[in-house]
Amino acid sequence: MTHTQAWQELKEHHRQISTKHMRDLFSQDPQRFERLSLSFEDLLFDYSKNRITDHTLRLLYALAGQCGLEDKIGRMFAGERINCTEQRPALHVALRNRSSRPIHVDGEDIMPRVHAVLDQMRAFVDKVHSGAWRGFTGEPICDVVNIGIGGSDLGPRMAVQALTPYHKPGMKVHFVSNIDPADLADTLAVLRPETTLFLIASKTFGTQETLANAHGARDWFLQAAGETEHVARHFVALSTNSERVRDFGIDPANMFPFWDWVGGRYSLWSAIGLSIALAAGMDRFEELLAGGHAMDEHFRNAPLDRNLPVIMGLLGIWYVNFFGAATQAIVPYAQHLQRLPAYLQQADMESNGKATTCDGRAVCCDTGPVVWGEPGTNGQHAFFQLLHQGTRLIPVDFLVPMHSHYAPGEHHHILLANCLAQCEALMRGRTDAEARIQMEAQGLDQADIFRLVPHRVFPGNRPSNLLMFDKLTPRILGILIALYEHKIYVQGTLWGINSFDQWGVELGKQLAGTILTELQEGGALSEHDASTAGLIRHARRNL
Ligand code: F6P
């Protein structure tokens, strides 16, 4: 990317535009909002409050073109092995392919397999909801515990919470991910083994935390149930690895499979989404898939300059690579999207937190930003001070529904007003003169005004995107998640990295294995630095 003509031109253009204020860009162009916003179904994407002009966009689209983005998008949908280090396709789009279009892997159309698992999920979910699936005492299931971590937890956990208004009455879904025993213990404390179903969610079925928690849950269950034959009514597996599932003691008939061409952090659309379907019903889960598919079709077909994920991805590159932005804030003005920032942290940072290109060379520019955030309005009373007056440029994505599922009226209007006000404040800021006028109106004397002006000035010119939609439904949730997934792919493609592997999580796991043995078995320590060795000895003395 850095060798393209467009990159060089963007560098020069950045020098010119970096002194321009968005206030002026708005006042010079009354049509700026109309020109720099796009609709997709009931989603309105406003990107007019970015530090861009038409020329910036032209250069960014040229950059995408010179990096072969359209070809790379086609390669993903065609099932090519774009996960170059693991030699796999990345076909989460197949999981939500609602068209009759076949998708091939090694010459096989994988769609019949995808549909078979969806049918299996529907049959199971219906049985649990109707009470036909019962626990070992004959009571129906009313609590479901998803045990998984990373992509086998964050996506389903976020989606289950997002779809709270759609939850089936009498069905509660819980999540256990952390190896800290507090997580499992707190969850089990409020449950009855007779009416609890455990979903052991692990792509590999080899993840230490998940297996330890699954064993803990089974021990707890067997203390009440006694006979291991009852495990079959209370434990199902969501995995790609049937051998390990069998070794754990789960009947492969109770396994919901998926495949190695589904990345962990892209897996909520697969059998890993069973907790979502159990919480809200299979029809709702399929609406989620349909939303994802609608965004896929848009991403595949829309021209670059009308393509939401492409525009979002390019704007992110503009800030990371030209303005030096190190982080990206995600602020949903929707309580039920509380877990969205945590979900996007893995989706984005595990995908694009890389410094080596697909062909093994070091990248020559920054790649994925730190992704973080909290729902509004809570965030306003926590970190917004820094967004407005801190020394760093932090682009923000705001998300807000127009309507609430809950009582209409004031609460939601206040929420919406705050969201729009924050976007405006970040963009406009407050000038010295405006700060003075306000303080004069408040009756402050001139000495106080003089003293306070520097503190009450806001520089503004801080960029944000706004994603506004009608209501938080399964379909719009699917659209939003797929939008972010594709944005991440756009950026990974331009940076020339592989967004679908995660070698960076391996080393720590490996070292933890060695240290665990040393903590538990004593004996001579293997080679560690002085700090780690000292800490292990300290822990041994105090364990
Ligand atoms: O440690 C990272 C990771 O490999 C993620 O990519 C994945 O989502 C998570 O662990 C869980 O893996 P699994 O589903 O195989 O248990």
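Numbering (the working numbering) for the sequence shown: 3 to 545. Positions of the beta carbon are idealized from the N, C-alpha and C atoms, including for glycine. Note that the coordinates shown come from a computational prediction; the quantities given were computed from them, not determined experimentally.
Helix, strand or coil for residue i per DSSP?
i: Trp-271; result: coil
i: Lys-174; result: strand
i: Trp-374; result: strand
i: Asn-148; result: strand
i: Phe-126; result: helix
i: Pro-32; result: coil
i: Trp-250; result: Going by the sequence as given, residue 250 is Phe instead of Trp. Helix, per DSSP.
i: Arg-53; result: coil
i: Ala-164; result: helix
i: Ser-192; result: The sequence as given places Val at residue 192; Ser does not occur at that position. The answer is coil: DSSP assigns Val-192 none of H, G, I, E or B.
i: Met-78; result: helix
i: Met-429; result: helix
i: Arg-100; result: coil
i: His-106; result: strand
i: Arg-286; result: helix
i: Leu-545; result: coil
i: Phe-502; result: coil
i: Asp-399; result: strand
i: Ala-219; result: helix
i: Thr-58; result: helix
i: Gln-340; result: coil
i: Ser-39; result: strand
CB-CB under 6 angstroms to residue i, same chain, minus the five flanking residues each way: which ones, in chain order?
i: Tyr-321; result: Ala-327, Pro-397
i: Glu-547; result: Residue 547 lies beyond the residue range present for the chain, which begins at 3 and ends at 545; the question has no answer from this structure.
i: Asp-267; result: Checking the displayed sequence, the identity of residue 267 turns out to be Arg instead of Asp. Cβ within range, chain order: Gly-153, Gln-348, Ala-349, Glu-352.
i: Gln-163; result: His-338, Arg-341
i: Asp-48; result: Ser-39, Leu-468
i: Met-284; result: Arg-124, Val-127
i: Ile-252; result: Phe-237, Ala-239
i: Phe-325; result: Leu-395
i: Pro-142; result: Gly-133, Arg-136
For residue i, collect the residues of the same chain with a Cβ closer than 7 angstroms to its Cβ; drop the 5 residues on either side in sequence, then sort them by chain order.
i: Arg-34; result: Leu-27, Phe-28, Ser-50
i: Asn-323; result: Cys-367, Asp-368
i: Arg-302; result: Ile-75, Phe-79
Answer yes or no: do residue i and residue j have a C-beta to C-beta separation smaller than 8 angstroms?
i: Phe-258; j: Val-233; result: no
i: Leu-61; j: Leu-12; result: yes
i: Val-247; j: Phe-207; result: yes
i: Ala-282; j: Tyr-168; result: yes
i: Ile-499; j: Thr-369; result: yes
i: Ile-151; j: Glu-88; result: no
i: Pro-91; j: Gly-76; result: no
i: Tyr-335; j: Gly-265; result: no
i: Phe-42; j: His-300; result: yes
i: Ile-149; j: Ile-84; result: no
i: Ser-501; j: Asn-380; result: no
i: Arg-542; j: Gly-525; result: no
i: Leu-280; j: Val-130; result: yes
i: Gln-440; j: Phe-386; result: no
i: Leu-165; j: Leu-479; result: yes
i: Gly-137; j: Arg-235; result: yes
i: Ser-132; j: Asp-155; result: no
i: Phe-250; j: Ala-304; result: no
i: Gly-375; j: Ile-332; result: yes
i: Val-146; j: Val-175; result: yes
i: Val-312; j: Leu-71; result: yes
i: Leu-270; j: Tyr-486; result: no
i: Ser-204; j: Ser-244; result: no
Between residue i and ligand 3, is there a pair consisting of the residue's CB and a ligand heavy atom that are separated by less than 7 angstroms?
i: Arg-267; result: Absence of ligand 3 is noted for the structure shown, with ligand 1 being the only ligands found.
Among residues of its own chain, excluding the 5 on either side of residue i, which ones have a beta-carbon nearer than 8 angstroms to its beta-carbon?
i: Thr-516; result: Ser-528
i: Leu-65; result: Met-3, Thr-6, Ala-8, Trp-9, Leu-12, Leu-316, Ile-319, Leu-496
i: Val-119; result: Phe-258, Pro-259, Phe-260, Ser-272, Ala-273
i: His-15; result: His-57, Thr-58, Leu-61
i: Ala-214; result: Ile-181
Is the CB of residue i under 8 angstroms away from at least one CB in chain D?
i: Gly-67; result: You won't find chain D in this structure, because it holds only one protein chain.
Quick one: complete alpha helix (DSSP H) runs, 4+ long, within the stretch 221 to 248?
Considered as a whole, the stretch 221 to 248 harbours 233 to 236 as its complete alpha helix (DSSP H) runs of no fewer than 4 residues, in chain order.
With a threshold of 8 angstroms, are at least 3 pairs of Cβ atoms found where one atom belongs to the stretch 444 to 463 and the other to the stretch 305 to 314?
In short, these stretches do not touch, since the Cβ pair count stays below three.
Any chance the stretch 358 to 367 sits against the stretch 396 to 405, with 3 or more Cβ pairs inside 8 angstroms?
Because the criterion of three Cβ pairs below 8 angstroms is not met, the stretch 358 to 367 and the stretch 396 to 405 do not touch.
Count the CB pairs spanning the stretch 45 to 61 and the stretch 453 to 472 that are closer than 8 angstroms, and state whether there are at least three.
Contact holds: three or more Cβ-Cβ distances are below 8 angstroms.
Mind pulling the alpha helix (DSSP H) runs of 4 or more residues that sit fully within the stretch 447 to 483?
Whole alpha helix (DSSP H) segments, 4+ residues: 448 to 458.
Count the C-beta pairs between the stretch 187 to 202 and the stretch 159 to 173 that are closer than 8 angstroms, then say yes if the count reaches three, no if not.
When Cβ pairs closer than 8 angstroms are counted between the two stretches, the stretch 187 to 202 is seen not to touch the stretch 159 to 173, the count staying below three.
Is it the case that the stretch 113 to 128 contacts the stretch 271 to 288, given that we only count it when at least three CB pairs across the two stretches are under 8 angstroms?
Taking one beta carbon from each stretch, the stretch 271 to 288 and the stretch 113 to 128 have 3 or more pairs nearer than 8 angstroms; the two touch.
Uninterrupted alpha helix (DSSP H) stretches inside the stretch 342 to 396 (no shorter than 4 residues)
Complete alpha helix (DSSP H) runs here, min 4: 342 to 346, 386 to 391.
Between the stretch 455 to 463 and the stretch 430 to 437, are three or more C-beta pairs nearer than 8 angstroms?
Contact between the stretch 455 to 463 and the stretch 430 to 437 is established, with three or more Cβ pairs separated by less than 8 angstroms.
Stretch-stretch touch, CB-based, cutoff 8 angstroms, three pairs: the stretch 84 to 102 with the stretch 292 to 299:
Enough Cβ pairs lie closer than 8 angstroms, so yes.
Could you say if the stretch 385 to 393 and the stretch 422 to 429 meet the contact criterion of at least three C-beta pairs nearer than 8 angstroms?
Contact holds: three or more Cβ-Cβ distances are below 8 angstroms.
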